[in-house]
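Undergrad: To start, I am sharing the structure in question, which I have written as C-alpha cells.
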Ligand SMILES: C[S@@+](CC[C@H](N)C(=O)[O-])C[C@H]1O[C@@H](n2cnc3c(N)ncnc32)[C@H](O)[C@@H]1O
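Numbering (my numbering), first residue to last: 1 to 390.
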C-alpha cells in the first residue's frame with residue numbers, strides 16, 4: 001500500500017512540480033544590479049553560538065543543516081533584491097535567511113523531503129487558515145475508524161499509541177501545505193526522541209531506550225505548528241526546486257544569479273536520507289535508495305560529481321557574481337584534505353579568498369576531535385568581478 005505524504009509517486013509529482021516551476025521562476029537579473037557588498041569583501045565576526053532556538057530552523061532536524069546565524073551574517077552584507085541561489089539548499093536555511101533580508105532566493109536540492117521543509121519555511125501562508133486546518137485535521141484523524149499501521153522498521157522507535165496517532169495524521173495529510181507537512185515531519189522526529197526519553201543525540205540516535213514513553217502526537221504537532229508559524233514571512237517570493245545541481249542549467253536561466261551561497265554535500269561523510277530522515281521516509285513509504293542515488297555523497301565519484309555541479313553553476317552566474325561555499329576538512333585515507341583547497345582546485349573560477357571559521361563552546365569542537373580536523377569549516381569566496389575565471 002502506498003501512503004499519502006511523500007510516497008514514491010509523491011516524489012514523482014514533486015519532480016513534476018519542479019519542471020512546472022521553471023516557467024514561473026524569477027526573471028534574470030540585470031547585470032548591473034547593485035548586489036555587491038561594501039567595501040568589497042565579505043567579513044565574518046567570531047560567533048559564540050551558532051543556533052537560534054527562537055527561529056523557524058528547529059522545524060526539522062535535517063542532517064548537515066547549517067547555522068542560520070552564520071548564514072544571516074553573510075546574507076546581511078548583500079543588498080535586498082539581489083538574486084541568490086543555493087544549489088544544495090537542504091531545508092532552506094540560506095534561502096529563508098535571504099528572504100528575511102529581502103533577497104530573491106532560489107534553492108535547489110535533489111532530496112524531495114528537504115525541499116518540502118524548505119518550501120514550508122519560505123512559502124507564504126495564512127496563519128489563521130493553517131491553525132484551523134490543523135485542528136480539523138486532528139479531529140478527522142481522531143475520528144478515523146480505519147488507518148494503516150506504521151511499518152515495522154520505524155514502529156520499534158515509538159510507543160504504539162504514538163505510532164498510531166502518527167499514522168492517523170498521515171492518513172489525513174493529503175492536502176497539507178508545505179508548512180504543515182514540514183511541521184508534521186519535524187514532529188515525527190521530535191516524538192521519536194521523546195518516546196526514547198529524549199536520550200537521542202546525534203551519535204546515539206536509533207538506540208531504543210525501553211520502556212518507550214507514550215507521547216501525545218497531536219499535542220506535539222500542535223505545539224510545533226504554533227511555535228513556528230509566526231516565523232514564516234513568505235515574501236519576497238522564494239523558489240525551491242527539486243533537481244540535481246549537476247543539471248542546474250536545466251531549470252535556472254543563464255547568467256541570472258548574482259550570488260551563489262551554499263554548503264555543499266560533504267565528501268561521503270553524511271547520508272542526507274539517514275538520521276531522522278530515514279525514519280520519516282520509511283513512515284512515508286518512500287523509496288529511500290532512489291533519493292540517495294540522486295545525491296552526491298560517494299567519495300569515489302565526489303570530485304567528478306562536484307566538478308560537474310560547479311560547471312553547471314557557472315552557466316547560471318554572470319561576470320560579476322559572487323560565489324560562496326562553506327566547506328569542511330575531511331580525513332581521507334588518514335590524510336587531511338582541506339575543503340578550501342579541494343574546491344579551489346576543481347572550481348572554474350580563479351583567485352578565491354578563504355575565511356577560516358572557528359567556533360567555541362559548540363558541538364563543532366567534538367566534531368573536530370572526532371575527525372582529527374583543526375577547524376570545522378572554511379568559507380571560500382570567488383568574486384568573479386575581481387577574480388575572474390581560470
Ligand atoms: C550540507 S547539506 C545542505 C544543508 C542546508 N544548508 C541546510 O541548512 O539544510 C547538502 C545538501 O546537498 C544535497 N545534495 C546532494 N547531492 C545533490 C545533488 N546532486 N543535487 C542537489 N542537491 C544535492 C543534499 O540533499 C543535502 O541537502
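Glycine included, C-beta positions come from ideal geometry on N, C-alpha and C.
(1) Quick one: residues in its chain with C-beta nearer than 6 Å to the C-beta of residue 344, no 5 flanking neighbours on either side, listed in chain order?
(2) Report back the beta-carbon spacing between residue 186 and residue 224 to the nearest angstrom; my notes put them in contact at under 8 Å.
(3) Pull up the distance between the alpha-carbon of residue 151 and that of residue 280, whole angstroms please.
(4) Run through DSSP, which three-state label would residue 325 get?
(5) Would the beta-carbon of residue 252 fall within 7 Å of that of residue 316?
(6) If I measure Cβ to Cβ from residue 377 and keep anything under 6 Å in the same chain, skipping five residues before and after, which residues do I get?
(7) Shorter than 6 Å, the distance from the beta carbon of residue 325 to the closest heavy atom of ligand 1, or not?
(8) In whole angstroms, what is the alpha-carbon distance linking residue 211 and residue 165?
(9) Within 10 Å of its beta-carbon, does residue 208 have 16 or more other beta-carbons around it, so buried, or fewer, so exposed?
(10) Spatial neighbours of residue 220 within its chain, please: CB distance less than 6 Å, with the 5 preceding and 5 following residues excluded, ordered by chain position.
(11) Name the two residues that bound the continuous beta strand (DSSP E) containing residue 353.
(12) So for residue 180, helix, strand or coil by DSSP?
(13) Bridge partners of residue 331, per DSSP?
(14) For the candidate residues 134, 172 and 195, whose alpha-carbon lies nearest to that of residue 158?
(15) With DSSP as the reference, label residue 383 as helix, strand or coil.
(16) Indicate, with yes or no, if ligand 1 has a heavy atom lying under 6 Å from the CB of residue 66.
(17) Where do the ends of the alpha helix (DSSP H) carrying residue 130 lie?
(18) Please say whether residue 82 and residue 259 have beta carbons closer to each other than 7 Å?
(19) Whole angstroms is fine: what's the gap from residue 108's alpha carbon to residue 271's?
(20) Of all Cβ atoms in chain C, is any one closer than 7 Å to the Cβ of residue 313?
(21) So is residue 228 buried or exposed if we call it buried at 16+ other beta carbons inside 10 Å?
(22) Just list the residues that DSSP pairs residue 239 with in beta bridges.
(23) I'd like to know if the stretch 229-237 and the stretch 272-291 are in contact, where contact means that at least 3 CB-CB pairs between them fall below 8 Å.
(24) Kindly examine ligand 1 and report whether one of its heavy atoms sits closer than 6 Å to the Cβ of residue 265.
(25) When you compare each of 240, 263, 93 and 87 to residue 68 by their alpha carbons, which one comes out closest?
(26) Where residue 55 and residue 218 are concerned, what is the direct C-alpha to C-alpha distance, given to the nearest angstrom?
(27) In this structure, how does DSSP classify residue 318 when only helix, strand and coil are distinguished?
(28) Could you tell me the alpha carbon to alpha carbon distance between residue 226 and residue 123, rounded to whole angstroms?
(29) Determine, using beta-carbon pairs with one atom in the stretch 234-242 and one in the stretch 117-131, whether at least three such pairs fall under 8 Å.
(30) CB of residue 109 to nearest heavy atom of ligand 1: below 6 Å?
(31) In or out: residue 340 buried (at least 16 other Cβ within 10 Å) or exposed?
(32) Can you give the Cα-Cα distance for residue 331 and residue 299, rounded to whole angstroms?
(33) Pull up the CB-CB distance for residue 95 and residue 105, whole angstroms please, since I reckon it's below 8 Å.
(34) If you follow the beta strand (DSSP E) that residue 262 is part of, which residue opens it and which one closes it?
(35) Give the straight-line distance between the Cα atoms of residue 70 and residue 99, rounded to the nearest whole angstrom.
(36) Below 8 Å on the Cβ atoms is my guess for residue 182 versus residue 257; work out the distance and round it to an integer in Å.
TA: Let me spell this out:
(1) 352
(2) 6 Å
(3) 11 Å
(4) strand
(5) yes
(6) 326, 328 and 357
(7) no
(8) 18 Å
(9) exposed
(10) 187, 190 and 191
(11) 353-357
(12) helix
(13) 336
(14) 195
(15) strand
(16) yes
(17) 127-143
(18) yes
(19) 17 Å
(20) The structure shown contains no chain C; it holds only a single protein chain.
(21) buried
(22) 106
(23) no
(24) yes
(25) 93
(26) 22 Å
(27) strand
(28) 17 Å
(29) yes
(30) yes
(31) buried
(32) 12 Å
(33) 4 Å
(34) 257-262
(35) 15 Å
(36) Actually they do not touch by this definition, with Cβ atoms about 25 Å apart.
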